[in-house]
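Please read the structure below before turning to the comments.
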Amino acid sequence: MSSAKSKARQCAVQALYQWQMTGQNLSTIEREFKEDQRLKNAQKSYFSDLFHGVPKNLDKIDASMVDFVDRDVEKIDPVERAILRIGVYELLQKPEIPYRVVINEGVELAKCFGADGSHRYVNGVLDKVAKVQRKLEIEAKQKKS
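Numbering of the sequence shown is given in this note's numbering, commencing with residue 3 and proceeding in unit increments.
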């Protein structure tokens, strides 16, 4: 059973995918998700945070992963791109969420929505971004162990 926050991430991946593919207005897509009951059992406030936060911080998010992807960010598979953008957004904007949780959630989303093996790609990119963006958290964790 996935948590309400995990469900919010799943919906955010689908909504961001739709936004990336259609360029539709964010409010229109969000309204569709609410009307279709797709946000049932999801933490709606977290869904909105992710869904509006990613496009608002898109330049910073993409710039944070550009050194760790093997192609132009826009050329990454749209599902993987949506998952990576959510993960990088959380690494940048949600310090209260441990980096390992962010990476694990990204891997689970890739297993759920991505192509075969995409979870390994997502894991590798998020891990590298975390090493830069969450350096102090990672070092503190290593000192404890």
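Ideal Cβ placement from N, Cα and C applies to all residues, glycine included. Predicted model, so just to flag it, every value in this text is computed and none were measured.
Spatial neighbours of residue i in its chain, beta-carbon cut-off 7 Å, leaving aside the 5 residues before and after
i   : result
M3  : The predicted position of M3 is uncertain, since its pLDDT is 42 and thus under 50; no value can be drawn from it.
H54 : L28
Y19 : P80, V81, A84
Backbone secondary structure at residue i - three-state DSSP
i    : result
P100 : coil
L41  : coil
I31  : helix
E110 : helix
M3   : Reliability of the predicted coordinates at M3 is poor, the pLDDT of 42 falling under 50, and no value is obtained from them.
V71  : coil
S8   : helix
Residue closest to residue i, alpha-carbon to alpha-carbon, out of the options
i    : options              : result
R83  : A14, Y48, K7, A132   : A14
L52  : Q26, D79, R11        : R11
L93  : E141, R136, A117     : R136
I63  : K96, P100, E141      : K96
K7   : E110, V81, N125      : E110
S106 : K46, A132, V81, D118 : Note on residue identity: the sequence assigns Asn, not Ser, to residue 106. If we check each option's Cα against that of N106, A132 comes out closest.
S50  : Y101, A17, K130      : A17
S120 : D79, K145, Y19       : D79
G126 : D72, Q39, L41, Q144  : D72
V104 : S66, Q20, D129       : D129
M23  : E76, N59, S147, Y91  : E76
W21  : K58, D74, S147, E139 : K58
Per-residue burial, residue i [other beta carbons within 10 Å of its own, 16 or more giving buried]
i    : result
E32  : buried
I99  : exposed
A150 : As displayed, the chain neither begins before 3 nor continues past 147, which places residue 150 out of reach and without an answer.
M67  : buried
V41  : The residue you asked about is not Val; residue 41 is Leu in the sequence shown. Label assigned to L41: buried.
A44  : buried
Neighbourhood of residue i by C-beta distance below 6 Å, restricted to the same chain and skipping five residues each side
i   : result
R87 : V56, I63
Cβ neighbours of residue i in the same chain (closer than 8 Å, five flanking residues each side left out)
i    : result
V124 : E82, I85, L86, G89, G108, V109, L111, A112, G116
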